[in-house]
Structures are given as C-alpha cells and as structure tokens.
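As structure tokens, the structure follows; a few thoughts come after it.
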Amino acid sequence: MARSGMSKDDIQVATDHVVGLHDVSFSVDDGEIFVIMGLSGSGKSTAIRTVNRLHDITAGSVVVDGIDVATLNKRDLECFRREKMSMVFQHFALFPHRTVIDNVAYGLKVTGVGTGERRCRAMEALELVGLERYHLSFPRELSGGMQQRVGLARALAADLDILLMDEAFSALDPLIRRQMQDELLAMQGDLLHKTILFITHDLNEALRVGDRVCIMKDGAVVQIGAPEEILRNPATAYVAEFVKDVDQGRVLQVDSVMTPSSPITLGTTVGEALASLNSRTSAFCVDENGKPVGVITRDLLVASEQAFVEVETVMNTEFGITNRSAPLVEAYELCSKGDLVAVVNEQGVLEGRLSALDVLAELGEIEAKAEQVKAAGFVGELV
Ligand SMILES: Nc1ncnc2c1ncn2[C@@H]1O[C@H](COP(=O)(O)OP(=O)(O)OP(=O)(O)O)[C@@H](O)[C@H]1O
Ligand SMILES: [Mg+2]
C-alpha cells in the first residue's frame, strides 16, 4: 500500500499497521557525522535501529562496511554489534544494579579487556562527560541528563569505528548540551574520526553537528543535504518551518558572506586611493605582507583635503578581524565596531571583507526563502 502511494495515516486507519520506514535511502561516509532529524514519530529511532538490526527490515537492505546486515546469523550478529559499533540509546538502557563505572566498562568486559585497562578507559570516558566523581553511584542516584551522559561514556569507552547516537543529548539542559556538542565536534576533529549516525529532533543541533543532515517525516526522507544547503534551499514547507526556527548565524560561516577585498597598499596617496576606490565607499589598507592595518572610507579621504599625503595618515586603525570558518554569529559583535571586518588567513593575510549590511542581507535572504517555500507549500496543501 505504501508503494502504491498511500499515506502512513491512511494505511494505519485501513489496517491498524504502522509504516515504520518507506523509501528511505541514504549512505553515510567514512568519518562523517550524518544526522537524522525529524519530529517525534517520524521514524528516526526505527531507522537507526535497522543499522545494528535491533529492527529487522521487510524490504531493501542495510549494508555496513560491505556486510549485508540481514544475512548475519545470531552469532555473527552478536560479533558484528560488539566489534563494529556502539550505540547511545534514547532511553539510556543502563544496568540498574551496576555502578556507573561498571556500566561504562561493561562493553569492554564483554570483549575481554582486562580489569585494569577497563577501569582506566571507563574513567577516561567518564571524565569526558564530566561524571568522574559519580563513578561509584548507581543509575537511580543520577538525574536523567546524567544517566544520558553515562550512556554516552559507555559508547565512547568502547572506542569502535561507528557510533549510533539516538537523541544522545536530548535529555540535557541547553548549556550542557551545547558543551557536549562542542566536545563531540572537538573529539571528532582531533582524534575520533568515527562514523557517526546522530539522531535529534532539534534542527539547530542537527545543523551544528552534522556534516550532512537527513530530514524525515512520516517514515520517509524529505531532504538530505549539507547544513547550508538545507538553510538556503529547504525542499518543502515542512523543512522551511524548521529553518525559520534556526539560529542561522551559528550555522553559516563567515566565508559564505564575505566579499573580495581589493585592498589598498600602504604608501598610496589619498588622491590615488580616492581614484582606486571607484564606486566603493571603503577599503582595507594592507602592509607589504598583505596584512590589514587600517580602513579608509571615501568620507575620510575627502575630509582630509590633502591629496598627496599617504593613506596611513588618515586611515582608521580600529576594525574587527575574523577568519573564514568562524560562525557568523561571532562576527556580529565585530560588525558593531566599525564599517568593515577583515577576514584573514592563518598567516594574518587579508582574504576578504565583511560588513554588517552583508550579514543582515544574507540572513534576510534565508528568512525570505524559507517564508516563500512555506507559503508555496501551504498553497499546495489548499489546492
Ligand atoms: N516497537 C514498535 N512497534 C510498532 N510500532 C512502532 C514501534 N516502535 C515505533 N513504532 C512506530 O514507528 C513510528 C516511528 O517511531 P520512531 O520511534 O522511529 O520515531 P522517532 O522519530 O524516533 O520519534 P521520537 O523523536 O519520539 O523518538 C511511530 O509511528 C511509532 O508508532
Ligand atoms: Mg526516537
């Protein structure tokens, strides 16, 4: 019935069966953080649980590292789960009668790691999630968010190539949640390089941690794309609705808004600078190494009334500096400091410029696009 195009709701009414997933296809690259995002009941947990075959599928295939998961017998499946991937469950799934450290070390025990090393690795993982002082507590003595962090520590301690994270941060309060996201990204950047399938119902979180994001609705895929693609080109009104709720400045990077700089070199005279400004109202001045040292504006140059002095005598030396990959939100404050923000590379050489107007225009454009897609979807529904 699903294949013939019937909706999940209609099928449930007709048969009392729920379509878990239908027409869901995606691949996750080695070392990628792939996020599945969608509202409650959209099929996220169902999807992730097919990967380690906690759910059997009735059609299609799930292939992990060349292994067709459906073909594994009981023993091979156990081995596969133990050696390939660890999972952070949405509802923690801790052993109530074991202490925190024993919970974290349990997976290592099963794989035959010795007591000493087990303890060491479990403590390291607990430190990562900030719970080392609770290592002798029992799960019932911890808050929900703390239990969730124990689940995360257990997965990290196992140190396997693939991490399945089902709403791993959802029970945490916003501040700790942000810290855990940062921690995950830092770990992934530095040493982890794991392949991570990450589930969340929060698009802010999805766009922040994901290399790519898959948005699901009613057991089907609505859109798959890099965070910027989803922000700029929401595929449906459903996605646009989420986009409108996103803190776009944290997703977009400076390089998506910066413009080429065409700087003026120190030693240029005011008269020459005015001529080379052309239609521009301002420009950066750079030293002989291409590093920004000041900003000149048409007004400043004209006001100086001295065509033959060098620009360094009239330029404004106060301006903000940022880099390409900084989140746009970090440039907001810099934009308030002066007309232009310099975007420099690792050597401090000017690569581009950013103005408050560019930033506002960009954010406005994303809002307008989301609104447009939302409205089109609404009209579509009416029709
Ligand atoms: N064990 C089960 N047996 C039958 N139906 C189930 C089972 N688990 C989930 N479902 C159904 O599958 C659909 C998807 O559920 P799933 O748990 O995958 O949602 P989810 O996207 O993870 O939601 P949440 O954000 O609330 O965790 C729902 O309609 C649900 O009723
Ligand atoms: Mg779920």
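First residue of the sequence shown? That's 123 in the working numbering, and the numbers climb one at a time after it.
Using N, Cα and C, we set each Cβ at its ideal position, and we do this for glycine too.
Distance between beta carbons of residue j and residue i, contact taken as under 8 angstroms
i, j, result
"F441", "K459", "7 angstroms"
"R203", "N174", "5 angstroms"
"L248", "A275", "5 angstroms"
"A464", "Q375", "That belief does not hold up - the Cβ atoms of A464 and Q375 are roughly 16 angstroms apart, past 8 angstroms."
"V141", "A124", "5 angstroms"
"I155", "G332", "6 angstroms"
"E473", "V466", "6 angstroms"
"F291", "M302", "5 angstroms"
"N438", "L422", "7 angstroms"
"Q212", "E289", "5 angstroms"
"L253", "R271", "6 angstroms"
"K231", "R241", "Not confirmed; about 11 angstroms, so no contact."
Terminal residues of the beta strand (DSSP E) in which residue i lies
i, result
"S404", "404 to 408"
"K339", "334 to 339"
"D224", "Premise fails: D224 lies in the alpha helix (DSSP H), 222 to 232, not in any beta strand (DSSP E)."
"E254", "Counting along the chain, E254 falls outside any beta strand (DSSP E), and DSSP gives it neither H nor E."
"L462", "462 to 466"
"G416", "414 to 419"
"G236", "Counting along the chain, G236 falls outside any beta strand (DSSP E), and DSSP gives it neither H nor E."
"V157", "155 to 160"
"G442", "442 to 444"
Endpoints, the alpha helix (DSSP H) within which residue i is located
i, result
"Q345", "Q345 -> not in any alpha helix (DSSP H); beta strand (DSSP E) instead, spanning 342 to 347."
"N438", "Per DSSP, N438 belongs to no alpha helix (DSSP H) and is neither H nor E."
"R171", "166 to 173"
"F217", "Run containing F217: none; DSSP gives neither H nor E here."
"Q301", "296 to 309"
"N326", "325 to 331"
"T133", "Checking the sequence shown, residue 133 turns out to be Ile, not Thr. Residues 130 to 137."
"M268", "266 to 280"
"E363", "359 to 365"
Residue i and residue j closer than 9 angstroms at C-beta
i, j, result
"R372", "L329", "yes"
"A277", "S378", "no"
"V481", "A453", "yes"
"R475", "S383", "yes"
"I337", "M159", "yes"
"L485", "Q370", "yes"
"R220", "A279", "no"
"E246", "K366", "no"
"V157", "T322", "yes"
"L194", "T172", "no"
"Y256", "V222", "yes"
"G267", "L250", "no"
"G273", "F214", "yes"
"V424", "C407", "no"
"S404", "L462", "yes"
"V436", "V392", "yes"
"K491", "N355", "yes"
Residues that DSSP places opposite residue i in a beta bridge
i, result
"L88", "The structure shown does not extend to residue 88, since the chain is modelled only from 123 through 505, so no value can be given for it."
"R475", "T381, A464"
"D190", "V185"
"P449", "Q375"
"E432", "T391"
"I386", "C407"
Proximity test, residue i beta-carbon vs ligand 3 heavy atom, cut-off 8 angstroms
i, result
"D288", "Ligands in the displayed structure: ligand 1 and ligand 2; ligand 3 is not one of them."
Okay, do the stretch 278 to 286 and the stretch 316 to 326 touch, 3+ Cβ pairs below 8 angstroms being the bar? Yes, they touch.
Quick test of the definition: if touching needs 3 or more C-beta pairs under 8 angstroms, does the stretch 251 to 261 touch the stretch 177 to 194? Counting C-beta pairs closer than 8 angstroms gives fewer than three between the stretch 251 to 261 and the stretch 177 to 194, which falls short of the contact rule.
- Item | Three CB pairs or more closer than 8 angstroms across the stretch 376 to 396 and the stretch 410 to 421 | yes
Check: Do the stretch 340 to 349 and the stretch 159 to 168 meet, that is, are 3 or more Cβ pairs less than 8 angstroms apart?
Finding: yes
Practice prompt. State whether the stretch 390 to 405 contacts the stretch 346 to 365, with contact taken as three or more CB pairs (one from each stretch) at a distance under 8 angstroms.
Written response: no
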